[in-house]
Amino acid sequence: MIEEGLKSELQKQGVYVTTLEDLYNWGRANSVWPLTFGLACCAIEMMAASMARFDLARFGAEVFRPSPRQADLMIVAGTVTKKMAPLVVRIYNQMPEPKYVIAMGACAISGGPFKQGYNVLKGMDRYLPVDVMIPGCPPRPEALIHAIMTLQEKIKNQKLTGPDRPRHLNADIPGDFPVPVYGPHDLEPSKNPGVWHPPLIKR
Amino acid sequence: METLEQIKSRLEAAVPAAKIELLPNECPAGDRSLLVDAANGFAVAKFLRDDTQLRLDYCSNVTGIDWPDKEATEKIKGKQVVDGVEKEVEEVKKTLRPGYLEVVYHLYSMELKHGPVVLRLRTENRADKTHLPSLTPLWRGAEFQEREVYDLYGVVFDGHPDLRRILMWDEFVGFPMRRDYVAPDDFEYEPTPHDDVLAQAKKHYPAEPKAEVQS
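Chains W and X supply the protein sequences, listed in that same order. Residues in the first sequence are numbered from 1 upward in steps of one, following the numbering used here. Residues in the second sequence are numbered from 204 upward in steps of one, following the numbering used here.
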């Protein structure tokens with residue numbers, strides 16, 4: 001492993017050195033392929049972000065794939081109803097590793113204005129490991145672009161070896177997420193305790 | 204278009220068995236509506252659609268309303284002789300009005316360009332006698348909306364071609380838009396609770412409150 005100081009010193013002398021990890025992450029971060037997957041009005045902003053005015057292509061994330069098997073980023077754009085949630089988890093399971101999730105908008109991160117309702121999931125992070133959450137109702141395309149840049153930072157800083165290595169390089173961590181089933185009033189289970197660790201609020 | 208009184212009198216001539224009532228509406232729009240008994244609802248609707256002066260060929264909206272049991276208190280002033288002295292006594296009379304489910308149809312005429320005529324049907328109660336005639340055979344556009352009323356309120360439409368749940372999943376039990384429906388409690392994590400959510404979230408707070416927020 002080369003030191004950061006030596007690396008920049010060498011670069012000043014015109015010698016570019018890097019690590020395999022950096023090279024690999026640099027390539028991954030700049031070609032994130034999102035899934036063409038919209039659930040509600042946030043999807044309109046997602047479309048706007050990918051069009052010419054905002055041009056998501058500048059960040060290498062313009063290749064929206066209509067098949068989960070070719071995508072590596074799921075943008076949960078919109079309200080996740082309890083009827084839809086098992087299908088979202090199922091689609092996520094069909095994506096190949098490494099895969100990432102952006103929860104876009106108030107509904108996807110917490111249930112949003114429908115929180116007091118009976119039929120909207122109170123946050124996609126109850127079932128899926130969400131990497132970046134975007135607040136807003138709906139978030140502007142700039143916010144989505146910022147989320148993709150944040151995700152790129154995250155990908156670039158992932159260590160490929162060691163105990164902190166990501167899920168897809170650690171055979172001990174299961175990559176399959178249990179799909180909830182429809183119950184008489186709610187989904188069963190109503191959350192995945194392996195994924196959802198809300199901070200404990202004490203008042 | 205004719206007034207509702209005229210429609211009512213012609214309906215009573217055409218469908219003699221029907222019990223039709225004009226319901227007032229206290230809102231600014233003041234749209235009154237025709238309340239028809241369930242047994243003759245279909246015949247009345249068919250008349251409204253086919254009559255040459257009405258031709259209400261377009262059913263724009265189907266809505267459900269849940270009216271739970273309601274206790275009405277009525278004060279009756281009476282005179283009573285107590286100990287030889289006549290006194291005015293107020294008596295409070297309580298009557299229990301049993302609940303029912305109501306379905307509202309908004310009918311327009313595309314051909315004659317008039318409307319709406321508001322048609323209401325009521326079930327006998329909210330528990331077991333929740334059957335109403337389906338008007339889908341008359342207005343095909345009512346199919347999904349009647350399914351929605353069935354799904355969320357539990358009105359069973361007799362004669363509907365495909366009465367299934369439309370919004371909730373098939374395994375769902377109960378009717379979520381009824382007033383007495385209790386939604387599942389998943390308010391474990393509420394960073395900024397308020398109003399009803401606060402009341403729900405308090406049930407999940409630990410017994411020993413501490414000032415810090417753990418992450």
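The C-beta atom is built at its ideal place from N, Cα and C for all residues, glycine as well. As the structure is a prediction and not an experimental result, all values here were calculated from the model.
Secondary structure note for F347(X): its alpha helix (DSSP H) is the uninterrupted segment A345 to Y356.
Between Y118(W) and A386(X) the beta-carbon gap is near 4 Å, inside 8 Å, which marks them as a contact. C41(W) has no beta-bridge partner at all, per DSSP. Between the stretch 338-350 of chain X and the stretch 253-266 of chain X, the count of Cβ pairs shorter than 8 Å is three or higher; the stretches touch. When DSSP assignments are scanned along the stretch 355-402 of chain X, the uninterrupted stretches of beta strand (DSSP E) that are 3 or more residues long and fall wholly within it turn out to be 359-361. Contact annotation, Y356(X) with R325(X): C-beta distance approximately 12 Å; criterion of less than 8 Å not satisfied.
Residues of chain W with a Cβ closer than 8 Å to the Cβ of P387(X) are, in chain order, Y118, H185, D186 and S190.
Contact between Y92(W) and L39(W) is absent: CB atoms are separated by about 13 Å, not below the 8 Å threshold. For the stretch 74-96 of chain W, the set of residues with a beta-carbon nearer than 7 Å to any beta-carbon of chain X comprises K83, in chain order.
Not a single C-beta of chain W is nearer than 8 Å to the C-beta of P271(X). Around T298(X), the same chain offers A275 as residues with beta carbons nearer than 6 Å, after the five sequence neighbours per side are excluded.
Counting the other CB atoms within 10 Å of its CB gives S236(X) a total of 16 or more, which places it among the buried residues. Here L20(W) is exposed: its Cβ has fewer than 16 other Cβ atoms, across all protein chains shown, within 10 Å. For the stretch 18-99 of chain W, the continuous alpha helix (DSSP H) assignments of 4+ residues that do not extend past its boundaries occur at 20-29, 42-50 and 85-94, in sequence order. Closest option to A49(W), judged by alpha-carbon separation, among I173(W), P193(W), P138(W) and S190(W): P138(W). V181(W) and L366(X) have their C-alpha atoms spaced approximately 23 Å apart. Chain-order list of chain X residues neighbouring I201(W): Y392, E393, P394, Y408 and V416, by C-beta distance under 8 Å.
Contact check between the stretch 57-70 of chain W and the stretch 143-151 of chain W: three or more CB pairs, one atom from each, fall below 8 Å, which counts as touching. In this structure, W372(X) keeps its C-beta atom at 8 Å or more from the C-beta atom of K115(W). In the DSSP annotation of this structure, the continuous segment of the alpha helix (DSSP H) that includes A248(X) starts and ends at G244 to D253. DSSP places C262(X) within a strand segment (E or B) once states are collapsed to three. Membership of P141(W) in the alpha helix (DSSP H) is indicated by the continuous run P141 to K156. What E374(X) touches in chain W, judged by beta-carbon distance under 9 Å, is V181, Y182, G183 and P184, going in chain order. Distance from D131(W) to V89(W) at the Cβ level is roughly 16 Å; contact not present, criterion being Cβ atoms closer than 8 Å.
Contact annotation: L370(X) and D354(X) have beta-carbon atoms nearer than 8 Å. Look at G377(X): its C-beta is under 8 Å from a C-beta on chain W. Using a Cβ-Cβ cut-off of 7 Å, D399(X) is close to Q116 of chain W, given in chain order.
In the structure shown, D234(X) adopts coil according to DSSP, grouped into three states. Contact check between the stretch 210-223 of chain X and the stretch 241-252 of chain X: three or more CB pairs, one atom from each, fall below 8 Å, which counts as touching.
Under the Cβ criterion of 8 Å, K122(W) is counted among the residues facing chain X. If you draw a straight line from the Cα of A241(X) to the Cα of G362(X), it comes to about 13 Å. Secondary structure of K222(X) (DSSP, three-state): coil. In the DSSP annotation of this structure, Q209(X) is not part of any beta strand (DSSP E); the continuous alpha helix (DSSP H) holding it starts and ends at L207 to A217. Here the C-alpha atom of W33(W) lies approximately 21 Å from the C-alpha atom of C41(W). Remark: three or more beta-carbon pairs, one from each stretch, lie closer than 8 Å, so the stretch 319-335 of chain X and the stretch 299-311 of chain X are flagged as touching. At least one beta carbon of chain X lies nearer than 8 Å to the beta carbon of P198(W).
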